[in-house]
Amino acid sequence: MKRIIWSPITYRKFSVGDILILLFIGSIIYALSSLNTFYTKPSNPLFFDLSISKLPLYSIYSLIRMIIAYFISFIFTLIYGYTAAYNKNLEKILIPLLDILQSIPVLSFLPPVFMAVLTLFPGSRLGLEITSIILIFTGQVWNMVFSFYHSLISIPKELRETSQIIGLNPWLRFWHLELPYSAIGLLWNSMMSIAGGWFFLMACEMFTITNQEFVLPGLGSYLAFASLKGDLNKIIIGLLTLIIIIILIDQLIWRPLTSWAQKFKMEFTESEDSYNSIVLLWYRRSQILNFFGQKILYPLRENINQYFVERYKRVKISVSNSQWSRIWNKVIIFIILALLIRGVIGLGTLIFNLPLNIWQRVLISAIITLLRVVVAVIIGLSWTLPIGIKIGMNPKLAKVFQPIVQILASIPATALFPILLIFLINISGGLNIASILLMLLGTQWYLLFNIIAGAISIPKDLIEVSSLMGIKGWEKWKTLILPCIFPYLVTGGITAMGGAFNASIVSEYIIYNNKVIKTIGLGALITESSSTGNNSLLAASTLTMALMVVLINRLFWKRLFKLSEEKFSQIGG
Amino acid sequence: MELLKLENINLSFKFPEGEVKVLENISFSINEGEILALLGPSGSGKSTILRIIAGLLKPQEGKVYYKGKELKGINHGVSMVFQNFALFPWLTVLENVEIGLRALGLPQELRREKALKAIDLIGLDGFENAYPKELSGGMKQRVGFARALVMEPDILLLDEPFSALDVLTAENLRNDLIELWIEKKIPTKAMILVTHSIEEAVYIADRVILLRKDPGRIIKEINIDIPHWRDKKSKEFLDLVDMIYGILTGKPVEKIAFKEKRHLFIPQAGVGAITGLIEVVNDKEGPVDIYKLGEELLMDIEDLLPIVEASEILGLAEVKEGDFYLTNAGKKFAEADVLERKELFKELAIEKVPFLKQIVRILQSKSNHKASRTFFLDLLKQHLSAQEAEKQLDVLIDWGRYAEIFEYDDNKDEIYLPEVPLAEVKNE
Numbered sequence: 014m015k016r017i018i019w020s021p022i023t024y025r026k027f028s029v030g031d032i033l034i035l036l037f038i039g040s041i042i043y044a045l046s047s048l049n050t051f052y053t054k055p056s057n058p059l060f061f062d063l064s065i066s067k068l069p070l071y072s073i074y075s076l077i078r079m080i081i082a083y084f085i086s087f088i089f090t091l092i093y094g095y096t097a098a099y100n101k102n103l104e105k106i107l108i109p110l111l112d113i114l115q116s117i118p119v120l121s122f123l124p125p126v127f128m129a130v131l132t133l134f135p136g137s138r139l140g141l142e143i144t145s146i147i148l149i150f151t152g153q154v155w156n157m158v159f160s161f162y163h164s165l166i167s168i169p170k171e172l173r174e175t176s177q178i179i180g181l182n183p184w185l186r187f188w189h190l191e192l193p194y195s196a197i198g199l200l201w202n203s204m205m206s207i208a209g210g211w212f213f214l215m216a217c218e219m220f221t222i223t224n225q226e227f228v229l230p231g232l233g234s235y236l237a238f239a240s241l242k243g244d245l246n247k248i249i250i251g252l253l254t255l256i257i258i259i260i261l262i263d264q265l266i267w268r269p270l271t272s273w274a275q276k277f278k279m280e281f282t283e284s285e286d287s288y289n290s291i292v293l294l295w296y297r298r299s300q301i302l303n304f305f306g307q308k309i310l311y312p313l314r315e316n317i318n319q320y321f322v323e324r325y326k327r328v329k330i331s332v333s334n335s336q337w338s339r340i341w342n343k344v345i346i347f348i349i350l351a352l353l354i355r356g357v358i359g360l361g362t363l364i365f366n367l368p369l370n371i372w373q374r375v376l377i378s379a380i381i382t383l384l385r386v387v388v389a390v391i392i393g394l395s396w397t398l399p400i401g402i403k404i405g406m407n408p409k410l411a412k413v414f415q416p417i418v419q420i421l422a423s424i425p426a427t428a429l430f431p432i433l434l435i436f437l438i439n440i441s442g443g444l445n446i447a448s449i450l451l452m453l454l455g456t457q458w459y460l461l462f463n464i465i466a467g468a469i470s471i472p473k474d475l476i477e478v479s480s481l482m483g484i485k486g487w488e489k490w491k492t493l494i495l496p497c498i499f500p501y502l503v504t505g506g507i508t509a510m511g512g513a514f515n516a517s518i519v520s521e522y523i524i525y526n527n528k529v530i531k532t533i534g535l536g537a538l539i540t541e542s543s544s545t546g547n548n549s550l551l552a553a554s555t556l557t558m559a560l561m562v563v564l565i566n567r568l569f570w571k572r573l574f575k576l577s578e579e580k581f582s583q584i585g586g
Numbered sequence: 057m058e059l060l061k062l063e064n065i066n067l068s069f070k071f072p073e074g075e076v077k078v079l080e081n082i083s084f085s086i087n088e089g090e091i092l093a094l095l096g097p098s099g100s101g102k103s104t105i106l107r108i109i110a111g112l113l114k115p116q117e118g119k120v121y122y123k124g125k126e127l128k129g130i131n132h133g134v135s136m137v138f139q140n141f142a143l144f145p146w147l148t149v150l151e152n153v154e155i156g157l158r159a160l161g162l163p164q165e166l167r168r169e170k171a172l173k174a175i176d177l178i179g180l181d182g183f184e185n186a187y188p189k190e191l192s193g194g195m196k197q198r199v200g201f202a203r204a205l206v207m208e209p210d211i212l213l214l215d216e217p218f219s220a221l222d223v224l225t226a227e228n229l230r231n232d233l234i235e236l237w238i239e240k241k242i243p244t245k246a247m248i249l250v251t252h253s254i255e256e257a258v259y260i261a262d263r264v265i266l267l268r269k270d271p272g273r274i275i276k277e278i279n280i281d282i283p284h285w286r287d288k289k290s291k292e293f294l295d296l297v298d299m300i301y302g303i304l305t306g307k308p309v310e311k312i313a314f315k316e317k318r319h320l321f322i323p324q325a326g327v328g329a330i331t332g333l334i335e336v337v338n339d340k341e342g343p344v345d346i347y348k349l350g351e352e353l354l355m356d357i358e359d360l361l362p363i364v365e366a367s368e369i370l371g372l373a374e375v376k377e378g379d380f381y382l383t384n385a386g387k388k389f390a391e392a393d394v395l396e397r398k399e400l401f402k403e404l405a406i407e408k409v410p411f412l413k414q415i416v417r418i419l420q421s422k423s424n425h426k427a428s429r430t431f432f433l434d435l436l437k438q439h440l441s442a443q444e445a446e447k448q449l450d451v452l453i454d455w456g457r458y459a460e461i462f463e464y465d466d467n468k469d470e471i472y473l474p475e476v477p478l479a480e481v482k483n484e
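For the protein sequence lines, the chains are A and B, in the order given.
Residue numbering for the first sequence is 14 to 586, as defined by the working numbering.
Residue numbering for the second sequence is 57 to 484, as defined by the working numbering.
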């Protein structure tokens, strides 16, 4: 006799997940349909409605921009990472290039992007939107590329051999081997990238170029405009909105995703700690997602698979394939080289026109910014080191503090900045202190995260041995803690320092209460030259900054890293 | 019928430090209905041969023929089972088995049907929706087998498929595989097994190809005419194992050639291992079969062999026809206390290992009694490759330190004499 099994899943027609998804889709449709009203207003660029009722709409606009920028970043990541990992010739150009691109601050991309977009979409608002999206893109893409490239080149040999013998074509290989293998790295880097996106949102939604100001409706521009007007109440309200959005994104997107991505871990025994998410359960029960998955995604995937299987069968027969790919390769190399040469020539003419005294100014500014960065990193270290160790070596504390730290870390310090300024503006050298504080706020988290991770990794038996032998105080730091966390410390240091340099562009030159406030520094030079249209100065200062970051990484951090691998590797050698 | 043929395969890998020859003149063929085993120590290139057959590697010289046609690119007539399973951790058992069929473009129902059949066949039913990390090692390797078998390959390539499993699990899976084969439950036409276990090769294969290392080359082919199921305790089985062991260890066939150069370089065996072996054998009182000893200690022959050789070189033991005897010195060594042992070891080592003596002479000739590691490495490199020289020096340092012949500073990478000079060497 057949038994009828009552299943709660089929019974439930609609789950919380469905409601969340519908809310999301609905708000985007609503926002897009009312986008027109913003742009049909008189095109006085400095008009901006600061009323609170507009905030939800602004937030959705910013969110849409971030999503589009992220989507472009993702595609770019796949293409760039793939090319760098599989093309030995291009790899030699692409990876060092990535190092340099990563060290160029967001605002330095503004003039060239703006020019390019403007020639494509002259005088249109769409052009402004595209500029803003590309700016956000340049702020978040590079670390994702690095992560993907790294995953690709470290795929285990047997898995590669297996997919070859099984006969996976590149399409299947991508979905079943390459993407799953890099999923976790990509996910963590996406979280970092989006956080970075919020950090520079103000700069990306409201910018000045050749002394002309442009404002796009959005949360970042709301904050920027509020601080331009010196309206503290509005700043705080905007900031609260931002924090709510960040917490929502964390709970509704990142947490379910990390929980789901557990299955991509390269482990063969079940680990004890796992990330749970109730929201993931909601999504799993969602009727909409299930319908989408079963009725649309699955058949689509089958058809695409079939298409590729047929295609690659045919490719195997035709021999000319390799020839084409070789020509294709050469074309790509040629285009990249041409672009590089064109860029170098362009930069060269810009830079050689600069008089010597300007160069002097650039160099002095660079040294001052470097000093600020160093001070910020040292201050950051001085509090994150003891606290990070405390949290990391105590599992109970870690459980409580890690989520709190994560949310704190994702609050963009740029939004806090105007509030900081109000207190510091009247002190002499106030901006100097403020800008160090901003760098600190933006980068201390990298240090903290890495130190906690390092402290967690200290082997339990070593801790026990040291306490048995009565090693305490400085001796304990010297023999146990520092050697164990050293590699993590170096990683944290590299990221923090790069971040601090990038933060200098928003912290050394600001418009507050309708006044320009600036201090001497490379970041100030970049922001100023970008907004006044002084392209030679912009090129010179950007190049100096990129050079400085790359050099410090190469000469200082990489050496420390090597030392840490040789001396303090726990695997012994 | 001849399924696959290898003809004069030569392969070397290029490194910045130079070229290393991996395979030299490898030629053999596999017939339908045959299980072939490639047997040899690590470094004899047996897994590399498998990868050449699969088309994953292209040799610099020589050709592979599959069903009479020269092989170009991936060999679509083979499937491979890997030592460490090589499963996709993000796919379930069913998806792991199905993925190859997906690559063939089979429709979903057919895929599912074939995959479920393979899963049933290999004894995995009930685990279709489990992820690899939920399975034990034996079950994981069953997934590996199911994934290979579902493709219905002509030739099944087995790259040490049992060596990552514990003894009982491995035995179980081996027997299941033989059962599938002799009862013709799988359409596979031939199998090639790579292994370093002599017993495993003799138990499973119809023909064994013996390989030697540096560079990998074939030294002998042996037919095993015992019908399945084979009795591991039968005399003919044990005789075959002993014979193969004799050939692989180079005794007695190459005994003379070996003797002449034997003290020049010492095998990769630490003092601790040598001491342990001597103690174990001493407790047994009387000769011990090396093969059985390996089984008892749960050691692979290729790990045990260097220790045996080292004991022989030091004059602590002798090997005759697969049996291991302690010499008088060996017995004395086994029964001595720590300090006496060191003395005895020092005497023997300096007498039997010329390079140790040379190190001491060099150190004595220098005013500060010190010399850098690189100096000795360069000396060794005149006879050995860079990598071998490193290994050789590490063993020499291990021996020298234990015997207190010299001391070594790991931070400065320097070898130096202890405060009290070594009188006995000085006088020589």
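We put the beta carbon where it would ideally sit given N, CA and C, even for glycine.
For residue 84 of chain B, there is no enclosing alpha helix (DSSP H); the residue is found in the beta strand (DSSP E) stretching over 74-87. Distance from the CA atom of residue 398 of chain B to the CA atom of residue 117 of chain B, rounded to whole angstroms, is 51 Å.
Considering only A/89, A/85, A/101, the residue with the shortest C-alpha distance to residue 343 of chain A is A/101. Residue nearest to residue 377 of chain A within the set A/429, A/538, A/440 is A/538 (criterion: CA-CA distance).
Boundaries of the beta strand (DSSP E) around residue 65 of chain B: 58-71.
For residue 277 of chain A, at least one C-beta of chain B is nearer than 8 Å to its own C-beta. In the DSSP assignment, residue 279 of chain B is bridged to B/263. Approximately 6 Å separates the beta-carbon atoms of residue 170 of chain B and residue 206 of chain B; this is inside 8 Å, confirming the contact.
The beta carbon of residue 158 of chain B sits closer than 8 Å to some beta carbon of chain A.
In this chain, the alpha helix (DSSP H) harbouring residue 87 of chain A covers 68-99. Taking the beta carbon of residue 164 of chain B as reference, the chain A residues within 8 Å of it are 315, listed in sequence order. Assigned with DSSP and collapsed to three states, residue 114 of chain B falls in coil, not helix or strand. By the criterion of a C-beta distance shorter than 7 Å, residue 61 of chain A is surrounded in its chain by 228, 234, 238, once the five residues flanking it on both sides are discounted.
When secondary structure is reduced to three states using DSSP, residue 379 of chain B falls in the strand class.
Here residue 540 of chain A is not bridged, per DSSP, to any residue. In the three-state DSSP reduction, residue 268 of chain B falls in the strand class (E or B). Cα atoms of residue 215 of chain B and residue 372 of chain B: separation of roughly 37 Å, rounded to the nearest angstrom. Between residue 168 of chain A and chain B, the shortest Cβ-Cβ separation is not below 8 Å. Following the DSSP letters along the chain, one finds residue 304 of chain A inside the alpha helix (DSSP H) bounded by residues 300-304. Taking each of A/474, A/478, A/514 in turn and checking the Cα distance to residue 388 of chain A, the smallest one comes out for A/514. The DSSP-derived three-state label of residue 286 of chain B is coil. At a Cβ-Cβ threshold of 8 Å, residue 264 of chain B and residue 59 of chain B do not count as neighbours.
At a cut-off of 8 Å between C-beta atoms, residue 132 of chain B counts as an interface residue with respect to chain A. Taking one beta carbon from each stretch, the segment 477-485 of chain A and the segment 411-423 of chain A have fewer than 3 pairs nearer than 8 Å; the two do not touch. Runs of the beta strand (DSSP E) spanning 3 or more residues and lying entirely within the segment 204-230 of chain B occur at 211-215, in chain order. Each residue's CA atom was taken as its position, placing residue 553 of chain A and residue 104 of chain A some 27 Å apart. For residue 322 of chain A, the nearest beta carbon of chain B is closer than 8 Å to its own beta carbon. Counted as a single uninterrupted DSSP element, the beta strand (DSSP E) harbouring residue 247 of chain B occupies residues 246-251. If you draw a 10 Å sphere on the C-beta of residue 231 of chain A, you find 16 or more other C-beta atoms in it, and that means buried. For residue 225 of chain A, the uninterrupted beta strand (DSSP E) segment begins and ends at 225-228.
For the pair residue 119 of chain A and residue 85 of chain A, the Cα-to-Cα distance works out to about 16 Å. The Cβ atoms of residue 272 of chain B and residue 101 of chain B sit closer than 8 Å to each other.
Separation of residue 151 of chain A and residue 512 of chain A (C-alpha to C-alpha, rounded to the nearest whole angstrom) is 14 Å. With its beta carbon less than 8 Å from one in chain A, residue 140 of chain B belongs to the interface. A straight line joining the alpha-carbon of residue 95 of chain A with that of residue 177 of chain B spans about 39 Å. Under DSSP, residue 375 of chain A shares a beta bridge with no residue.
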